[in-house]
Amino acid sequence: MTFEAIRVTLEEPIATIQIHRPKVLNALDRQTMDEIVAALERFESDDAVRVVILTGDERAFAAGADIHEFRGAGPVRMLLEYRFQQWARIRTFPKPLVAAVSGYCLGGGCELAMACDIILAAENARFGQPEVNLGLMPGAGGTQRLVRAVGKHRAMELILTGRPIPAQQAYEWGLVNRVVPTEMLMDEARALAREIAAKPPIAVRCAKEAIQMALEAPLSVGLEYERKLFYLLFATEDKEEGIEAFLAKRPPVFRGR
Amino acid sequence: MDAFETILLETRDGVRTITLNRPEVLNAFNDRMLIELRQALREAERDEAVRCVVLTGAGRAFSSGQDLRARTEPFSFAAHLRAHYNPLILQVRSMEKPVLAAVNGVAAGAGCSLALACDLRIASTQAQFIEVFSRVGLVPDSGSTYFLARLVGIGKALELCLLAEPVGAEEALRLGLVNWVAPPEELMGRTMEIATRLAQGPTRAYGLTKRAFLHTLQADLASTLEYEAMLQEIAGRTEDHREGLAAFFEKRAPRFTGR
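Chains as they are written, first to last, in the working numbering: chain A, 1 to 257; chain B, 1001 to 1259.
Structural data, given as structure tokens:
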């Protein structure tokens, strides 16, 4: 599959998906979402890929959904398009997904960033859910993920006013991991991705799954799930290697087994 | 936007001079002037040929602050500050080029704030800084409390704001409110000397230096060290750094281009 709306680069073990629709500030139309998911599916089965970076360009990560697709659309059409099905594929992507956000990160763009595991923000980034200004509301996870990220009251303010917040505030509210100078965004994202990629991939994958379960299940179920995955890691060669290397005071060599 | 009515622009040797030009009211700010000033700063920011900005006033004053006659009813102080002054002050502070205030006369109220928001200040011996707000029962705005607390310390800052007495050029120099003082007839010559020198400097590194100070005013040491490391990475990739290094080894003066 050749991509039009995204650019994909692979520098093993890091894959980067760059949303590339600069004329529309990387608005997410259906094709863009299809391509992002197609790229993720390719990386999911590629063992050489350990971490995926999702980014836009300096002006915009993604300024929102492509409004033109909503014009004149009725509920039946929206339902039959299954447009949110792809979003579930992002949620179940098993490898770490790092969002590197510069510029506008609004509406569907903000929801897409929140669907990632880690968010790095450039100093010029702006986050918001402005759907209410169009007589709409977030439809791809905004109301659910924002509450979990920043708490009910801040989520209410962001979604009910539609007013975006700058990167520093997003950091103070706990929406993003870090704010870095705009010019350094991709360097920092790659450094972080490489750091994670050097860890044993099965442990990373299980840890990600367990953390995601924390958002889904009650504590007792989550703890049980965590314990099962913890036991599972005792079946890996990487666990033996990690412990041997630690005791021998040498760097570990993980093989993903 | 139509041609500027309330400010004058001049560009020479990479220096854009913006002159507040309502001398009949001591360059008091009305909405038009505030809008034009922000537009002029935006243009200076975008224009790569501009590598240093000078702010000064026409006539006797730098600026006497908000034009109290220009207030439209019903008036909200907060809304007016948010719409005009706050973005202006942030714009000056975040501009990634040196901004120099040539304070030719009185700088009162928001006019004083604007001068303090600039990176460097050169004052005429006729200059006066007055935190005039309390005389009319108001509080310092447009960043005056922020800048004063940091430039002169909170004790002196409170004195200047509560008593609202004028601070002359020599005292301003002693307090650290200004960097240099010059006789009126030499003010613009001396200003242009400094500004031209800055305009021939490593503009990117200057911009990043400003950013580092903005950051550290709200950060701890660990975070500042981390931020400096990232900014150095950016500066280290500029043409100006390569040029500076080459000039150093070749024992010649560097020719910085601002890239």
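Positions of the beta carbon are idealized from the N, C-alpha and C atoms, including for glycine.
Requested in this report: May I ask you to report which of helix, strand or coil DSSP gives residue 55 (chain A)?
Outcome: strand
**Report entry** Selection from B:1177, B:1162 and B:1209 that minimises the alpha carbon distance to residue 1169 (chain B)
**Finding:** B:1177
Query - Three-state secondary structure (DSSP) of residue 1059 (chain B) - result: coil
Query raised in the report: List, in order along the chain, the chain A residues whose C-beta lies closer than 9 Å to that of residue 1233 (chain B)?
Result: 181, 183, 184 and 187
Requested in this report: Work out the CA separation of residue 1085 (chain B) and residue 1096 (chain B) for me, nearest whole Å.
Outcome: 19 Å
Report task. Would you mind giving the Cβ-Cβ distance between residue 128 (chain A) and residue 106 (chain A), rounded to the nearest angstrom? I have them listed as a contact below 8 Å. Result -> 5 Å
Query - Test: residue 1033 (chain B) CB closer than 8 Å to a CB of chain A - result: no
Report task. Tell whether a beta-carbon distance below 8 Å holds between residue 101 (chain A) and residue 193 (chain A). Result -> no
**Report entry** Beta bridge counterpart(s) of residue 1263 (chain B) as assigned by DSSP
**Finding:** Residue 1263 (chain B) lies beyond the stretch modelled for chain B, which goes from 1001 to 1259, so this question has no answer here.
Query raised in the report: Taking the beta strand (DSSP E) that residue 1020 (chain B) falls in, what are its first and last residues?
Result: 1015-1020
Query raised in the report: What first and last residue would you give for the alpha helix (DSSP H) that runs through residue 1161 (chain B)?
Result: 1154-1163
**Report entry** residue 1230 (chain B): contacting residues in chain A (beta-carbon distance under 7 Å)
**Finding:** 180, 181 and 184
Report task. Assess, as a yes-or-no matter, whether the region 1036-1052 of chain B is touched by the region 1193-1201 of chain B under the definition of 3 or more beta carbon pairs within less than 8 Å. Result -> yes
Requested in this report: Could you pull out every residue in the same chain whose Cβ sits closer than 6 Å to the Cβ of residue 1001 (chain B), ignoring the five residues on either side in sequence?
Outcome: Note that residue 1001 (chain B) scores a pLDDT of 49, beneath 50, so its modelled location is shaky; the value from the coordinates is reported in the next line. Excluding residues within five positions, the ones whose Cβ falls inside 6 Å are 1039.
Report task. Work out the CA separation of residue 1145 (chain B) and residue 1180 (chain B) for me, nearest whole Å. Result -> 22 Å
Requested in this report: Tell me, please, whether the region 80-94 of chain A touches the region 110-119 of chain A by the rule of three or more beta-carbon pairs shorter than 8 Å.
Outcome: yes
Requested in this report: Kindly provide the ranges of any beta strand (DSSP E) runs that are 3 or more residues long and lie completely inside the region 70-135 of chain A, ordered along the chain.
Outcome: 97-101, 104-106, 118-122 and 126-128
Query raised in the report: If you compare alpha carbons, which of B:1063, B:1133 and B:1255 is closest to residue 1239 (chain B)?
Result: B:1255
Report task. Output yes or no for whether 8 Å exceeds the beta carbon distance between residue 1065 (chain B) and residue 1109 (chain B). Result -> yes
**Report entry** Stretch-stretch touch, CB-based, cutoff 8 Å, three pairs: the region 1161-1175 of chain B with the region 1123-1133 of chain B
**Finding:** yes
Query raised in the report: With a CB to CB cut of under 6 Å and the five nearest residues on each side skipped, what residues in its chain are close to residue 108 (chain A)?
Result: 28, 64, 65 and 140
Query raised in the report: What residues match up with residue 1112 (chain B) in a beta bridge as DSSP calls it?
Result: The partner list for residue 1112 (chain B) (beta bridge, DSSP) is empty, contrary to what the question assumes.
**Report entry** Sequence-distant residues of the same chain with beta carbon closer than 6 Å to residue 1045 (chain B), five excluded per side
**Finding:** 1095
Query raised in the report: In this structure, does DSSP put residue 1125 (chain B) in helix, strand or coil?
Result: coil
Query - Nearest residue (CA-CA) to residue 81 (chain A), options A:225, A:33 and A:10 - result: A:33
Requested in this report: State whether the region 120-134 of chain A contacts the region 176-188 of chain A, with contact taken as three or more CB pairs (one from each stretch) at a distance under 8 Å.
Outcome: yes
Query raised in the report: Span of the beta strand (DSSP E) holding residue 1010 (chain B)?
Result: 1007-1012
**Report entry** Helix, strand or coil at residue 1238 (chain B) according to DSSP, with G and I counted as helix
**Finding:** coil
Query raised in the report: Is it buried or exposed for residue 1074 (chain B), if we count other Cβ within 10 angstroms and need 16 for buried?
Result: exposed
Requested in this report: Name the two residues that bound the continuous alpha helix (DSSP H) containing residue 1044 (chain B).
Outcome: 1031-1046
Query - Residue environment, residue 231 (chain A), which counts as buried when at least 16 other CB atoms sit within 10 Å - result: exposed
Query raised in the report: Residue range of the alpha helix (DSSP H) that residue 11 (chain A) falls in?
Result: Residue 11 (chain A) -> not in any alpha helix (DSSP H); beta strand (DSSP E) instead, spanning 6-11.
Query raised in the report: How do the region 242-256 of chain A and the region 1014-1028 of chain B stand: do at least 3 beta-carbon pairs fall below 8 Å, yes or no?
Result: no
Query - For residue 178 (chain A), the three-state DSSP class (helix, strand or coil) - result: strand
Report task. On a CA-only basis, which of A:243, A:216 and A:246 is nearest residue 92 (chain A)? Give me that one, please. Result -> A:216
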